[in-house]
Each structure stands twice: as structure tokens, then as C-alpha cells.
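**Student:**
Protein chains: 2
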Amino acid sequence: MTDGGIDTRPSRPATLHDVAREAGVSLATASRSINGSTRKVNDEFRERVLQAAARLDYSPNVPAQAMARGTTTTVALLVADIADPYFSSIAAGVVAEADAARLIVTMTATDRDAERELEFVRALRGQRPRVMILAGSRPTADSAESALGHELRAYERAGGVVVLIGRNELGLRTVLVDNAGGAVALARALTGIGYRRFGVLTGSEGLLAEVDRLDGFRAGLEAGGGSLRDDDVVRTAFTRDGGYDGMRRLLSRGLDGIELVFAASDIMAVGALSAIRDAGLTPGADVAVAGFDDIPTARDVTPPLTTVRVPLEALGRRALRLALGNSDAAARAVATEVVLRESTPART
Amino acid sequence: MTDGGIDTRPSRPATLHDVAREAGVSLATASRSINGSTRKVNDEFRERVLQAAARLDYSPNVPAQAMARGTTTTVALLVADIADPYFSSIAAGVVAEADAARLIVTMTATDRDAERELEFVRALRGQRPRVMILAGSRPTADSAESALGHELRAYERAGGVVVLIGRNELGLRTVLVDNAGGAVALARALTGIGYRRFGVLTGSEGLLAEVDRLDGFRAGLEAGGGSLRDDDVVRTAFTRDGGYDGMRRLLSRGLDGIELVFAASDIMAVGALSAIRDAGLTPGADVAVAGFDDIPTARDVTPPLTTVRVPLEALGRRALRLALGNSDAAARAVATEVVLRESTPART
DNA sequence: TACAACTCAGGCAGCGCTTTCCCACAGGTC
DNA sequence: GACCTGTGGGAAAGCGCTGCCTGAGTTGTA
Chain A
1 MTDGGIDTRP SRPATLHDVA REAGVSLATA SRSINGSTRK VNDEFRERVL
51 QAAARLDYSP NVPAQAMARG TTTTVALLVA DIADPYFSSI AAGVVAEADA
101 ARLIVTMTAT DRDAERELEF VRALRGQRPR VMILAGSRPT ADSAESALGH
151 ELRAYERAGG VVVLIGRNEL GLRTVLVDNA GGAVALARAL TGIGYRRFGV
201 LTGSEGLLAE VDRLDGFRAG LEAGGGSLRD DDVVRTAFTR DGGYDGMRRL
251 LSRGLDGIEL VFAASDIMAV GALSAIRDAG LTPGADVAVA GFDDIPTARD
301 VTPPLTTVRV PLEALGRRAL RLALGNSDAA ARAVATEVVL RESTPART
Chain B
1 MTDGGIDTRP SRPATLHDVA REAGVSLATA SRSINGSTRK VNDEFRERVL
51 QAAARLDYSP NVPAQAMARG TTTTVALLVA DIADPYFSSI AAGVVAEADA
101 ARLIVTMTAT DRDAERELEF VRALRGQRPR VMILAGSRPT ADSAESALGH
151 ELRAYERAGG VVVLIGRNEL GLRTVLVDNA GGAVALARAL TGIGYRRFGV
201 LTGSEGLLAE VDRLDGFRAG LEAGGGSLRD DDVVRTAFTR DGGYDGMRRL
251 LSRGLDGIEL VFAASDIMAV GALSAIRDAG LTPGADVAVA GFDDIPTARD
301 VTPPLTTVRV PLEALGRRAL RLALGNSDAA ARAVATEVVL RESTPART
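These protein sequences, in sequence, are chains A and B. Per the UniProt record's numbering, the very first residue in the first sequence carries number 1; after that it's consecutive. Per the UniProt record's numbering, the very first residue in the second sequence carries number 1; after that it's consecutive.
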């Protein structure tokens, strides 16, 4: 870490006070020059201040500014799992939008643990973020629920704004995905290309997304003339391995006429594809598969996966816009779009 | 947003002062009770303070604490692209480790733009984070380089610590990946199962990772008796589409005896697989493909991709540990591991 | 009884910044 | 020339918290 002749002793960072002294002006003038207030500052003074700041490598102390101004420039984002493409895409959207608003994003993972989520909300509240965004659907009712609600309400009462993504509770601002509509459209598209007998892999936690997708799919089948028997609905974990296991269960029990398996998320569908292949069958040809979300991988598996595109990054952007008071972001659920690919070849 | 009978007027959040008054103790005692200092506090007093805090929904103002204490609890993380599994995995590691150290992570994306990176470093410096982590290799030399170095050095001089992931410049702390070693091992493994004639898809930006992987692969081939002609090395974008294009170039030019194409990253390899398939060939059988990184998708494509595993999350954890002064994290480059899968069937 | 030695609550001075408020001065008007 | 108005720099009061310092009260010892 040595640096030649340059002085590397840890010295305290330059303060505005230092800059003011160096420029030979008052603290107030220095402040006004650097961050530009409503007040005007003589050009020559400003120039002097700016040069002094550059000379001292001055960088305004954000916490101090926050305190003096009584407001921060922070957005807190709470997701279930950062490495999950679903959430990292949302995060990318939030960050991009925050960027445009010159806000900075702090990010934390709950690991899908309601206890941790509560704990983090509590801790994050202390940061006095302007906005708190919670992504990731959770079971509709649980013990930590009321505590979470209490915490979030206290935060809002103190002037914060919270936005929920993909869940609708507690009377808070929400960005919803049109899961039901997408599932309806998917079912109709599939019946439209000749499928009649279906199976479903869905989660077992009662998440909002799970329920809406299954209900929507059912409704769409009804409209399109497809059929789904209750015991062809397999409940399993909402993960790749869950999809694999669920599909295996279906296969070992005997497909019994099922032509297409709808997995309630793409990662489950990916697991299902592997299970089909491991059983010696060819996905698409022997049994078709469709998913939901359109994660990037969906294009890259073989056969490419039919799915419903959820504009994840847009979801993140919209959440922040909504928080910042952009009312058109408050519109109805984010639209989804059916994407037919080779995992569901047309049946003629 | 209405709330029944409860008062929802935005009121200023409770301060420690309020809590102290409510509990009938001094500010100092309230502070000591809530955050626990070296000083002891009478149990009864503490209890009273804690209850008052709960009653008022008190949440300590972190920026104010930061200022009073003269130190924050923030880690700033700068990555190229949050939605990229490579970076989101690293981020997950950083966040997990930060969590353990009760630090919170702020995250920003540079979009692979050196200008933006510089701008962000400047802005982040103002947050006075304890640690700054920059992930994502960049061309070794460019115009913004010296400015970036200046900024980072100023930050370190003021007591911060910066860690670079996957790049080694400016004499800063670094977490390095053993790209060369992994590539050597991969080449030997591939020659070991019978491959002799190779092609390579690599990036065109001169990134450290690109260079090391290619050099290592060459060295491994030499040792293992494989051959790689200079004009069988295709330089293209370090992305999925770059991989697709590069492979197509190779195919349309004629494979000319190439048995296996090594793509310098998994996403490029995924693109290459698609290109091969689109050309009517079967990846694995007609031409083998290997990648690098072992992103989750690598298992899910068909055929599953042979690659070199880079423990991305561990990389993130290690970066933070290193920053926090855990010296064993300063050890040598993070080891990588060859993972042979069906995209490179043994040639007998 | 007197005094030393502790213990621990409370007072208060900052931390680095923004933002009134005050005031000096320049320019304009009658 | 007296007065008003507008402009813009500087002094100073906080923002919410921590941590040093003071000093009151308690216990122990001679």
C-alpha cells in the first residue's frame, strides 16, 4: 500500500470548514457555492471555493448533510435473495431509477425469512431512507405480519413511503404483477394451439403469485376448453429442485394423458425439463412444458421455454417511481405477455 | 392509505430526546441504555428507557449516530451490472458477510462505463463508507484510470479501505480469481479426454480475466498436447450475443477440424450453443463447448456445460473479510475448479 | 466521625453541515 | 441629501446523537 513520495498518513477528510478557510470565505458561502442553494453567490467567490474544494479533495459528508437537511437521499430495498435472477432484475430496475433521481440504494436480503425481514425493516428504518421497497411475495398471513405492519406504519407516519412489490397487504402502496391475466392468456394460447389435457406444478406456500397463477390458468383453460384435474396439480417447492421433484412425481405416477405441464415459475419449469429428460423422454415432443416469468435462462434451455414474460426491471423502476409520487406508476397491475417457444409445439 | 382510527398524520419521528423525557431520564442515560456503551446503567432506568422507546416507536437516527461517532456502518459496492448473475452472486456474498458484521450495503451499477464508475466513486466517498468494494474487471489502462486512482487514494487516506475484485491495479487490496490456473486445468482435462484441436471465443476489451483465461488455456494445451491456431481465436463481445456471433463466424468460416470451442465465459458459451444448434449441428456431438464461471444456467442448458467453477459468492464474502482486516482473506487467488459435463463428451 | 474511593446519572460540547437571520453596502427614487 | 429597496456575505443556531467531564450519592476504611 505504499505510494512513493506521497503522504499517505490517514488524515481526517477535509471538511467544509477547511474549504471555507482555504478559500477565504465563510462557511455559509462555501456551502452555498458547493451545493448551490436558492441564494446567489458571487461568481468569483464560488470559483474560489470550488478550486479550494478540488485542491483539498473535498467530498461533502453525506450523513452530516442528511442531518442538517433532515432528509436523506437513500432508498432501502429488501429482497428475498439477491442472487436470484428474479430479484436481481428487480433490483437493477430500482437502482437504475434511483440513479436518475440521484438517490442511492441500499440493499439487503431477507433469505425468505419473515423474522429477518422484520428485523431488517426495523434496522433500515433507522437509516431514515426516503423510500423502502419490499420485494418478494410472502404468505398472506403469519405471526410476524402484524409486527411488520406496525413497523412499516410507524415508518410511514414519520414521513417515509413504502412500496410493496408483488404483494398486497397492510394497505400500503403496491406494484402488482398481472399474474392472473398472464396465466389466463397463457392457457388460452395453449388451448389455441391444440393442447387439451394439462398438469400443473405450483408452490405449496400459498404465495399470492402461486395462487393467482393457478387460478388464472384454470380460468383460461375453462374458457379455452382445456381440462385440469385436481390430482394433476402437484404442490412442491417454488424452486428448481421443487420443479424437478414435482415432475418426477407426475412421471412416476404416470402422465395418464397429460399433454402439457404448466410450472408456476420458470425455475420450476427448468427443473421439470431436467426431470423429463432424466426419465428418458423428450421435453416438447413427449410432454410439453410452460413456465412463468421469462427469466433469461428460459431462452437458453432446450427446448426454449414457453412462458409468460414479467417485465422485472420495469417492476423495480415502477416501484420507485410510485414511491416518488409519479402517479402514472400507480396504474393497475403490470402487464405480462405470453411468449410461445418450442417447449410447447403446436399440436395439430 | 387510511388506517381506521389511528393517527396517521406525518409526525416527525421520535428522537432520543423524546425517549429520555418520556422515561424521565437524561439524554445521556437514554443513549447508554439503548445502544449500550461501556458505561453501566441502572437496570431499572434502562428498563424504563427501553419501554419508553418501544412506546414511542423510537428508531435511532443512523446518520446522526454516524456523525456523532465519526464512523458509519456502511459498505459501498460498485458492480458493472446488477442483473448479471456473475455480479449478483458476488453481491449476495458481500451482503451476507456484511450482515454478519452488522454492516449495511449500498449498491450501485456502473454499466461498465469508466466515466460512471468514477462519478460514483466520487459520490460514494461522501457517504463515508467504511469499505468500498469495486467488482468487475476493466481494461487495464484508460483515461479515467488516474482520476479513479486519485479518488480512491483520497478515500483511503481519509481512513477508508477499498477492495478490488478481479482486477489488480493501483496498489490496492485485491481479491483475485485464479483464472489462469483454472484455464490451465480445464485445458489439461480436455486434452486428457481426447480433444486435440481447439477454438476460442474471447472478449475484445483486454480485460484481465480475458487475458488470463486465454493465456492459461494456451499453456494448458501446450502441456497436454492440444493445439490452438491463432486464427481460431475469435474476439467478440463478452456477452451471450457476442458468444453467438463469434460461434457463427467460426461456423460459417468452416470449423476446419476444430473439435472443441472454449468460450471465456459461460454466457458466451451459452450463446455459442445456440449458434451451433441454429446451424443445424448438435453441440457436444458435432462440436464440443466449454465455458468459464459456472453460472447456475450452466447446469440447465442442453447439453449441460463443461466449465470452470468460480466461487462467486465466496469472492464477495472474501472481499469484505479482507476489507475488515481478516488477514487470512488476503491469501492468494481464489481457487477455481474444473467441472466436466456433457457438452464435452470424452473422445475415445 | 471523617475522609477516601467508587459508582453512575446528568450536563454539555461537539460531529459537519444547512439555513435562518442580521447587516453592510450599492443603487435607485423623491 | 434622506430614505427605501435589493443584494449577497457572515454569524450563529440548530439537526440527533455520543462521549467526556462533573458532581452527587454511596460504600468502605481508619
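From the three backbone atoms N, C-alpha and C, an ideal C-beta is built for every residue, glycine too.
Whole angstroms is fine: what's the gap from ALA335/B's alpha carbon to ALA333/A's?
**Tutor:** 46 Å
**Student:** Hey, does residue 411/A have any beta-carbon neighbour from chain B nearer than 8 Å?
**Tutor:** One cannot answer for residue 411/A here, as it falls past the ends of chain A, which runs 1 to 348.
**Student:** Any beta carbon of chain A sitting closer than 8 Å to that of GLY5/B?
**Tutor:** Summary for GLY5/B: the model assigns pLDDT 42, below 50, so the residue's position carries little reliability; its value from the coordinates is reported in the next sentence. No, its Cβ sits nowhere closer than 8 Å to a Cβ of chain A.
**Student:** Would you give the residue range spanned by the alpha helix (DSSP H) that ALA298/B belongs to?
**Tutor:** 297-300
**Student:** Taking 8 Å as the CB-CB limit, is VAL270/B close to chain A?
**Tutor:** yes
**Student:** For a contact meaning CB atoms closer than 8 Å, what does ILE104/A contact in chain B?
**Tutor:** THR106, THR108, ALA123, LEU124 and GLN127
**Student:** Do ALA288/A and LEU260/A come within 8 Å of each other at the CB atom, strictly closer than that value?
**Tutor:** yes
**Student:** Going along chain B in order, which residues have a C-beta closer than 7 Å to the C-beta of ALA91/A?
**Tutor:** ILE82
**Student:** Write down every uninterrupted run of the beta strand (DSSP E) in the region 44-130 of chain A whose length is 3 residues or greater and which is fully enclosed by it, in chain order.
**Tutor:** Counting only runs of 3+ residues, the beta strand (DSSP E) found wholly inside the region 44-130 of chain A occupies 74-79 and 104-109, in chain order.
**Student:** I need the straight-line Cα distance from ALA180/A to PRO304/A, nearest angstrom please.
**Tutor:** One Cα belongs to ALA180/A, the other to PRO304/A, and the distance between them is close to 23 Å.
**Student:** Quick one: does THR297/A have its CB under 8 Å from some CB of chain B?
**Tutor:** yes
**Student:** Tell me the DSSP secondary structure of SER227/B in three-state form.
**Tutor:** strand
**Student:** Let me know if SER89/A comes out buried or exposed under the rule of 16 or more other beta-carbons within 10 Å of its beta-carbon.
**Tutor:** buried
**Student:** Consult DSSP for PHE262/B and reduce its assignment to one of helix, strand or coil.
**Tutor:** strand
**Student:** Can the beta-carbon of ARG12/B be found closer than 8 Å to that of ALA109/A?
**Tutor:** No, Cβ-Cβ distance for ARG12/B and ALA109/A is not below 8 Å.
**Student:** Residues of chain A with CB under 7 Å from PRO63/B, in chain order?
**Tutor:** PRO63, ALA66, MET67, THR72 and ARG128
**Student:** How about THR348/B and LEU190/B: are their beta carbons less than 8 Å apart?
**Tutor:** no
**Student:** Closest by CA to THR236/B, which one among ASP278/B, THR202/B and GLY194/B?
**Tutor:** THR202/B
**Student:** Rounded to whole angstroms, what is the Cα-Cα separation between ILE82/B and ALA91/A?
**Tutor:** The alpha-carbon of ILE82/B is positioned some 7 Å away from that of ALA91/A.
**Student:** Could you check whether ALA80/A and SER136/A sit closer than 8 Å to each other, using their CB atoms as the reference points?
**Tutor:** Checking the sequence, you will find Gly at residue 136/A rather than Ser. Cβ distance < 8 Å, so GLY136/A and ALA80/A count as in contact.
**Student:** Classify ARG130/B: buried if its beta carbon has 16 or more other beta carbons within 10 angstroms, exposed otherwise.
**Tutor:** When all chains shown are included, ARG130/B counts as buried.
**Student:** For ASP232/A, name the three-state secondary structure that DSSP assigns.
**Tutor:** Here ASP232/A sits in strand by DSSP.
**Student:** Can you grab the Cα-Cα spacing for the pair PRO63/B / VAL105/A, in whole Å?
**Tutor:** 15 Å
**Student:** Leaving out the 5 sequence neighbours to the left and right, which residues in its chain are closer than 6 Å to LEU124/A when beta-carbon positions are compared?
**Tutor:** ALA76
**Student:** Below 7 Å CB to CB, which residues in the same chain sit around ALA187/A once its five sequence neighbours on both sides are set aside?
**Tutor:** PHE217, GLY220, LEU221, GLY224 and GLY226
**Student:** Between ASP300/A and chain B, is the shortest Cβ-Cβ distance under 8 Å, so that the two count as touching?
**Tutor:** Taking 8 Å as the CB threshold, ASP300/A lines the interface with chain B.
**Student:** Alpha carbon to alpha carbon, how far is ARG112/A from LEU152/B?
**Tutor:** 36 Å
**Student:** What residue from GLN127/B, ALA101/B, LEU170/B and ASP293/B has the CA that sits closest to PRO60/A's CA?
**Tutor:** GLN127/B
**Student:** Under 6 Å Cβ to Cβ from ARG48/B, same chain only, skipping five residues before and after it: list those, please.
**Tutor:** ALA23
**Student:** Give the C-beta separation of VAL200/A and VAL234/A to the nearest angstrom, bearing in mind that I take them to be a contact with Cβ-Cβ under 8 Å.
**Tutor:** 7 Å
**Student:** Output needed for VAL19/B: all residues of its chain with C-beta closer than 8 Å, excluding positions within five of it in sequence on either side, in chain order.
**Tutor:** ALA30, ILE34, VAL49, ALA52, ALA53, LEU56 and TYR58
**Student:** Just to confirm the assignment, what range does the alpha helix (DSSP H) spanning THR306/B have?
**Tutor:** Run containing THR306/B: none; DSSP gives neither H nor E here.
**Student:** Report yes or no: do three or more beta-carbon pairs, one from the region 241-248 of chain B and one from the region 264-284 of chain B, lie closer than 8 Å?
**Tutor:** yes
**Student:** Can you pull the chain A residues whose beta carbon is under 7 Å from the beta carbon of VAL287/B, in chain order?
**Tutor:** Per Cβ cutoff of 7 Å: no residues; VAL287/B is ~16 Å from chain A at best.
**Student:** For a contact defined as C-beta to C-beta under 7 Å, what are the partners of ASP293/B on chain A?
**Tutor:** What ASP293/B touches in chain A: nothing, since even the nearest Cβ is about 13 Å away.
**Student:** Tell me, which residues are paired with VAL41/A by DSSP?
**Tutor:** BP columns for VAL41/A are empty, so no partner.
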